[in-house]
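Heads up: the structure comes next, in structure tokens.
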Amino acid sequence: MRSLWIEWTLAAGFLREGRTQSLMITVGVAVGVAVIVFISALIQGLQANIIERTLGTQAHIRLLSPDETNVLLPVPSGTVHLVQEDQRAQRLRSINNWQQIIATLDQQPLLTAVSPVVSGPAFVRRGEALESVALVGIDPDRYLRIIPLARYLVSGQLRVGAGDALVGTILAADLGVRAGSKLRLDTGQQNSTVVNIAGIFELGVRELDARYVYLDLKQAQSLLELPGGVTVIDLTVTDIFAADTLAAQIERLTSLNAESWIETNAQLMNALTAQSLSTNMIMVFVAISVAFGIASVLSVSVVQRTREIGILRATGATRQQILRVFLIQGALVSLLGSNAGIAISYGLVWAFNTFGPGLFYIPVPPILVLLAILLATGTGVLAAAVPSRRAAGLDPVVAIRYV
Amino acid sequence: MSDPANPVLRLEALRKSYNPGLPNEIEVLHGINLSIGRTDFAALIGPSGSGKSTLLNLIGLLDTPSSGELYLLGQATSGMDDAGRTALRGHAIGFVFQFHHLIQAFTALDNVLMPLMLAHGKPDKAALQRARELLAGVGLEKFAASKPNQLSGGQQQRVAIARALITEPALLLADEPTGNLDTQTASEVFELFRHFNRERGCAVLLVTHDPRLSATCDRTINLVDGQITDYAAAPGSFN
Ligand SMILES: Nc1ncnc2c1ncn2[C@@H]1O[C@H](COP(=O)(O)OP(=O)(O)O)[C@@H](O)[C@H]1O
Ligand SMILES: [Mg+2]
Chain A
1 MRSLWIEWTL
11 AAGFLREGRT
21 QSLMITVGVA
31 VGVAVIVFIS
41 ALIQGLQANI
51 IERTLGTQAH
61 IRLLSPDETN
71 VLLPVPSGTV
81 HLVQEDQRAQ
91 RLRSINNWQQ
101 IIATLDQQPL
111 LTAVSPVVSG
121 PAFVRRGEAL
131 ESVALVGIDP
141 DRYLRIIPLA
151 RYLVSGQLRV
161 GAGDALVGTI
171 LAADLGVRAG
181 SKLRLDTGQQ
191 NSTVVNIAGI
201 FELGVRELDA
211 RYVYLDLKQA
221 QSLLELPGGV
231 TVIDLTVTDI
241 FAADTLAAQI
251 ERLTSLNAES
261 WIETNAQLMN
271 ALTAQSLSTN
281 MIMVFVAISV
291 AFGIASVLSV
301 SVVQRTREIG
311 ILRATGATRQ
321 QILRVFLIQG
331 ALVSLLGSNA
341 GIAISYGLVW
351 AFNTFGPGLF
361 YIPVPPILVL
371 LAILLATGTG
381 VLAAAVPSRR
391 AAGLDPVVAI
401 RYV
Chain B
1 MSDPANPVLR
11 LEALRKSYNP
21 GLPNEIEVLH
31 GINLSIGRTD
41 FAALIGPSGS
51 GKSTLLNLIG
61 LLDTPSSGEL
71 YLLGQATSGM
81 DDAGRTALRG
91 HAIGFVFQFH
101 HLIQAFTALD
111 NVLMPLMLAH
121 GKPDKAALQR
131 ARELLAGVGL
141 EKFAASKPNQ
151 LSGGQQQRVA
161 IARALITEPA
171 LLLADEPTGN
181 LDTQTASEVF
191 ELFRHFNRER
201 GCAVLLVTHD
211 PRLSATCDRT
221 INLVDGQITD
231 YAAAPGSFN
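Chains A and B, in that order, give the protein sequences.
At position 358 of the first sequence the residue is numbered 358 (the numbering used here), and the sequence of numbers has no breaks.
At position 171 of the second sequence the residue is numbered 171 (the numbering used here), and the sequence of numbers has no breaks.
Next up, the structure:
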């Protein structure tokens, strides 16, 4: 194909000559792109931060034993069977065959960590003070890949096993203990033991910091009278937004109850979706108004250049060439404008990260920048289509007579 | 000497109506028969509104006739599409308008090169050389880098003539090329047409109101009310 050299040359010449108009559309595009890029970077940063905080203290998927139900004797067909049934109280029990299940799940490429946990209620006692807590027995190597406890440790050492335990800051404050203090744990039965507080953590979630006591898996099993058993299997996945579909698959595979973080945080997810929807709407409307701006300024330029278009046609320009000259003008201003807009949005993001509330950091993903430039240029060409077609459709005779 | 059997342009019963099919339909040209030889230097004269610009636009393939046939370099043009007409116009015709129609955003040199650039893209050395020669030929070698708004009316019209000649057309059309110029400048520009007609052997058909200028042409074609009334032909250019 013949090169578009003359079309580019004419488009650039026209834009340079109509400096004020070109500047106006370029600024319009720049502001639009800056708003779009800044808002989407801000919202993406905010949402990533919220999700990271949420998932920082919970597994992506939790596997639990299904609830125990009453088994009714089958009745002969044709008989009406009235039952008054009390739901059974759910006792603490182990997941059947958990060793095998974990061995299977370890093979799954979509899972990044698998961690068996035994957890159950207990009391801690120190002097006169009595608090109800949740004992969480963990295999530290596996569990730390689910929740990086090291990141949340505020004092002492990250150590469980051999009578060592980790407690949260709120519980420590309520009981007046420090790393190195002793605690008595009671689990209702005759079981009772004294543990050494190896470290104190702060997960940032009140409920957890006030109630969690981490122990070694073995010690928790014997305290909860579930020798060799586990009550929960925690999982993390590669794609957090696919956690619910994966949970459903695992549920079918293991016939355990699988709860994904999406399910347990349904309200949060709704809020995030609504937020994304409203920012998308803002972006669409900004893009539309920028497109109309480009279209109207180019329309004026076509009218102003009617005579010159006639001359070009009389000196050998085809309709296609005229069409391309104006399409390229649309593409050029939006390319220029979007680059300026990207620069502005980098400035805004920098200002936000430097002088803003500092609650979270906004990254500007390069893919977003690329997408914004492509989208803006595409919009510019589309917006230029209507005035360009008018220019190409001009009758050269009429255009030449036009003074 | 032109060969009457092989004219650059031949019109057969050419008619042109504006607003065809509408209540305000008006026939402007009523069956024109005309032949222009390869080296003719002809003036088209006639009162205002007689259809001179209409005829020139048809000949320049900027507009299409309502009926009749127009042969350019022996080719019938009635069946051609827009691309074919643009291509034929590009190599056969040079056009000079009454208002020095230049592209304001470009220099005199770029304006002269425009027909070549539209047809072939970025100009090569030979094209640049030819454009400079043409500018020198119209006495504007010093103004190659000037923008149109830095030139006088006469200078702009001379740039337009150089542009019309860059493709070495067989036929140069000019619609009142001196209409906006003072008498002195007008005869200088007119002399240029004469010069190129003799030097390059291209046929010239120009519209003028100035009887002193038309008197110097080889041929005068008189258009009144859309009909050619008489020829005043120089000997040998028409039989
Ligand atoms: N686009 C048009 N629509 C309708 N009538 C037109 C148009 N262009 C020219 N005319 C009419 O055609 C006639 C011839 O016009 P024109 O060719 O410009 O004459 P001239 O150049 O000899 O002055 C005039 O009466 C003019 O009003
Ligand atoms: Mg006229």
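No residue lacks a Cβ here, since even glycine has one placed at the ideal position from N, Cα and C.
When the beta-carbon positions are compared, residue 180(A) and residue 197(A) come within less than 8 Å of each other. In this structure, the CA atom of residue 235(A) is about 39 Å from the CA atom of residue 342(A).
In summary, the residues of the stretch 59-72 of chain B whose CB is separated from some CB of chain A by less than 8 Å are 60, 62, 63, in the order they occur in the chain. With a cutoff of 7 Å, residue 176(B) counts as near ligand 2, since its C-beta is closer than that to a heavy atom of the ligand. Between the stretch 157-167 of chain A and the stretch 83-100 of chain A, the count of Cβ pairs shorter than 8 Å is below three; the stretches do not touch. With contacts defined as CB atoms closer than 8 Å, residue 301(A) and residue 44(A) fail to qualify as a contacting pair. Residue-level contact by beta carbon holds for residue 16(A) and chain B, with a gap shorter than 8 Å.
The secondary-structure analysis by DSSP pairs residue 134(A) across a beta bridge with 121(A), 212(A). Taking a C-beta distance under 8 Å as the contact criterion, residue 188(B) and residue 137(B) do not qualify as a contact pair. Sorting 94(B), 78(B), 49(B) by C-alpha distance to the C-alpha of residue 164(B) places 94(B) at the top.
At least one beta carbon of chain A lies nearer than 8 Å to the beta carbon of residue 119(B). Nearest Cα to residue 99(B) within the set 135(B), 82(B), 53(B): 53(B). Taken in chain order, the members of the stretch 101-126 of chain B whose beta-carbon sits within less than 7 Å of a beta-carbon on chain A are 101, 103, 104, 105, 106, 114, 115, 117, 118, 119, 121, 122.
Residues are counted here when their Cβ sits less than 9 Å from a Cβ of chain A; for the stretch 71-89 of chain B these are 82, 83, 86, 87, 89, given in chain order.
Secondary structure at residue 18(B): strand, using DSSP grouped into helix, strand and coil.
For the pair residue 133(A) and residue 211(A), the CB atoms are nearer than the 8 Å cut-off. Sorting 12(A), 238(A), 33(A), 400(A) by C-alpha distance to the C-alpha of residue 344(A) places 33(A) at the top.
In this structure, the C-beta of residue 52(B) approaches ligand 1 to less than 7 Å from one of its heavy atoms. The beta carbon of residue 3(A) sits closer than 8 Å to some beta carbon of chain B. With a cut-off of 7 Å, the C-beta of residue 393(A) is classified as distant from ligand 1, since no heavy atom of the ligand falls inside that distance. Counting along the chain, the unbroken alpha helix (DSSP H) around residue 17(A) starts and ends at 5-17. Not a single heavy atom of ligand 1 lies less than 7 Å from the C-beta of residue 32(B).
By the beta-carbon neighbour count (other beta carbons within 10 angstroms, threshold 16), residue 324(A) is buried.
Contact note: residue 97(B) reaches chain A through 400, using a C-beta cutoff of 7 Å and chain order. When distances are taken from the beta-carbon of residue 28(B) to the heavy atoms of ligand 1, the shortest one is below 7 Å. Distance check between residue 213(A) and each of 117(A), 327(A), 269(A) places 117(A) closest, using alpha-carbon atoms only.
In this structure, residue 59(B) lies away from residue 192(B), with their beta-carbon atoms at least 8 Å apart. About 6 Å separates the CB atoms of residue 116(B) and residue 123(B); that is less than 8 Å, so the two are in contact.
Counting the other Cβ atoms within 10 Å of the Cβ of residue 361(A) gives fewer than 16, which makes it exposed. With a cutoff of 7 Å, residue 48(B) counts as near ligand 1, since its C-beta is closer than that to a heavy atom of the ligand. Look at residue 396(A): its C-beta is under 8 Å from a C-beta on chain B.
In this structure, residue 38(A) keeps its C-beta atom at 8 Å or more from the C-beta atom of residue 305(A). Look at residue 33(B) here: in three-state DSSP terms it is strand.
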